[in-house]
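*Asks:* Got a structure for you, questions after.
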Amino acid sequence: MEKIVFLHIPKTGGTSVHDYLITKFSGNEIIPDRFNTLRNHSPEHLNQFRYFSGHYDIDGINRIPGNKKVFTFFREPKETILSLYYFWRSHKISFIEKHNLNGPRIAKKLSLLEFLRYNKEGIPANINNYTTRVLIGKMHYGPNGEFLYPEDELIDRAKATINSLATFGVMDNYNKSYRKVIEDLGFKAPEIIPHSRNSSERKDPNLEPIEKEKITDDISEELEKLTQFDQVIYNYAKKTLNT
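Here it is in structure tokens:
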């Protein structure tokens, strides 16, 4: 029984693909786990499902037995961090407190520069070369988030994961990528490409308008540090997609 697995890197697009794919499976074929909890299940339990979609990492995905088509979307790394910060910051206080959302709570009270420099409460794990971490797995970095291997080895491991994917897309060419991913997975792409997240965020009553900050030299410097490896990975993905 072949499985389809969406390795959903936050704020990189792909929600429209997910919304399309869930229509191709019955409810009991779709695992409910949308966060990085696959490692909490036995292979026997995971084998019951045919469609997986969530903010996983490669370690969790490797627990899924049998044949599987894994795909993901990539986005320019600095844009990804900025999108996450402003998305979190746009949450209303009442919603943050009701659901105890730590990331949005921190983003709400910190300026962009303060947020980028914040090194507590799980924030670095969400913004410090996050894509690289997802692609190499937890065993390759320590308890404080520090990488345990030389840069070349980290990049090689991440590239190997990209090469093992059934397909992938990039957000800055979303319409073409959407169609490619759907067709590579064996389905027929719709004539009109939807953009689910843009529409849903505009209508979400739990979000409020926010002002974006000017990108200063200090902010640019922090973004460079936080995307050192992710930028290499993103450039490799784009080059691979275009060859």
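Heads up, the sequence shown is in the UniProt record's numbering, so the first residue is 1 and it goes up one at a time. Where a beta carbon is used, it is the ideal one built from N, C-alpha and C, also for glycine.
Does D204 pass the burial test, meaning 16 or more other C-beta atoms within 10 Å, or should it be called exposed?
*Replies:* Residue 204 sits at position 204 when you count from the first residue of the sequence shown. Exposed is the call here.
*Asks:* Compute the distance between the beta-carbons of G60 and L38, then report whether it is under 7 angstroms.
*Replies:* Your numbering for residue 60 matches position 60 in the sequence shown. Your numbering for residue 38 matches position 38 in the sequence shown. Cβ distance < 7 angstroms, so G60 and L38 count as in contact.
*Asks:* What span of residues does the alpha helix (DSSP H) with I219 cover, start to end?
*Replies:* Within the sequence shown, numbered from 1, the residue matching residue 219 stands at position 219. In the DSSP assignment, I219 falls within the unbroken alpha helix (DSSP H) covering 217-226.
*Asks:* Give me the Cβ distance between I106 and F95, rounded to the nearest whole Å; I'm assuming they're in contact under 8 angstroms.
*Replies:* Numbered from 1 along the sequence shown, position 106 holds the residue referred to as residue 106. Numbered from 1 along the sequence shown, position 95 holds the residue referred to as residue 95. Contact flag wrong, Cβ pair sits at about 15 angstroms.
*Asks:* Can you list, in chain order, the residues of its chain whose CB lies under 7 angstroms from that of Q228, leaving out five sequence neighbours each side?
*Replies:* The residue labelled residue 228 in the question sits at position 228 within the sequence shown. Spatial neighbours of Q228 in its own chain (CB-CB distance under 7 angstroms, excluding positions within 5 residues in sequence) are listed in chain order as N129.
*Asks:* If you drop the 5 nearest sequence neighbours on each side, which residues of the same chain put their C-beta closer than 6 angstroms to that of A189?
*Replies:* Position 189 of the sequence shown, counted from the first residue, corresponds to residue 189. Within the same chain, A189 has close Cβ partners R179, I182, E183.
*Asks:* Quick check on the DSSP output: what are the complete alpha helix (DSSP H) runs of length 4 or more inside the segment 9-65, in order along the chain?
*Replies:* Those alpha helix (DSSP H) runs which fall completely within the segment 9-65 and span 4+ residues are 15-21, 43-46, 58-62.
*Asks:* Could you name the residues of the same chain whose beta carbon sits closer than 7 angstroms to that of G137, not counting the 5 residues immediately before and after it, in chain order?
*Replies:* Along the sequence shown, one-based indexing puts residue 137 at 137. So the qualifying residues of the chain are D57, I58, D59.
*Asks:* Contact defined as beta carbons within less than 8 angstroms: I believe M171 pairs with G13. What is the distance between those atoms, to the nearest angstrom?
*Replies:* The residue given as residue 171 occupies position 171 in the sequence shown. The residue given as residue 13 occupies position 13 in the sequence shown. Correct: roughly 4 angstroms between the Cβ atoms.
*Asks:* In the structure shown, what three-state DSSP assignment does Y141 receive?
*Replies:* Here residue 141 refers to the residue found at position 141 when the sequence shown is read from its first residue. Of the three classes helix, strand and coil, the one that applies to Y141 here is strand, per DSSP.
*Asks:* Give the straight-line distance between the Cα atoms of P209 and K109, rounded to the nearest whole angstrom.
*Replies:* In the sequence shown, residue 209 corresponds to position 209, counting from 1. In the sequence shown, residue 109 corresponds to position 109, counting from 1. Cα to Cα, the separation comes out at about 15 angstroms.
*Asks:* Are L135 and T167 touching if we call contact CB-CB under 7 angstroms?
*Replies:* As a working mapping, residue 135 is identified with position 135 in the sequence shown. As a working mapping, residue 167 is identified with position 167 in the sequence shown. Result no, Cβ atoms of L135 and T167 do not sit closer than 7 angstroms.
*Asks:* Can the beta-carbon of L207 be found closer than 7 angstroms to that of F71?
*Replies:* Taking the sequence shown and counting its residues from 1, the one referred to as residue 207 is at position 207. Taking the sequence shown and counting its residues from 1, the one referred to as residue 71 is at position 71. No, they are not a contact pair.
*Asks:* The beta strand (DSSP E) spanning L135 covers which residue range?
*Replies:* As a first step, residue 135 is located in the sequence shown; it is residue number 135 there, counting from the start. Unbroken run through L135 is the alpha helix (DSSP H), 130-136; no beta strand (DSSP E).
*Asks:* With a threshold of 8 angstroms on Cβ separation, who are the neighbours of D218 within its own chain once the five nearest residues in sequence on each side are excluded?
*Replies:* Counting from 1 along the sequence shown, the entry for residue 218 is found at position 218. These residues qualify, in order along the chain: L113.
*Asks:* Can you give me the Cβ contacts of H123 inside the same chain, cut-off strictly under 8 angstroms, excluding the 5 residues immediately before and after it?
*Replies:* The residue labelled residue 123 in the question sits at position 123 within the sequence shown. Checking the sequence, you will find Ile at residue 123 rather than His. Closer than 8 angstroms at Cβ, skipping near neighbours: G103, I106, F115.
*Asks:* Going by CA-CA distance only, name the one from N126, S177, R50, N235 that's closest to E76.
*Replies:* Walking along the sequence shown from the start, residue 76 turns up at place 76. The shortest C-alpha separation from E76 is found at N235.
*Asks:* Identify which residue in S220, N36, E2 has its Cα closest to the Cα of N126.
*Replies:* Looking up residue 126 in the sequence shown gives position 126. With distances taken between Cα atoms, N126 lies closest to N36.
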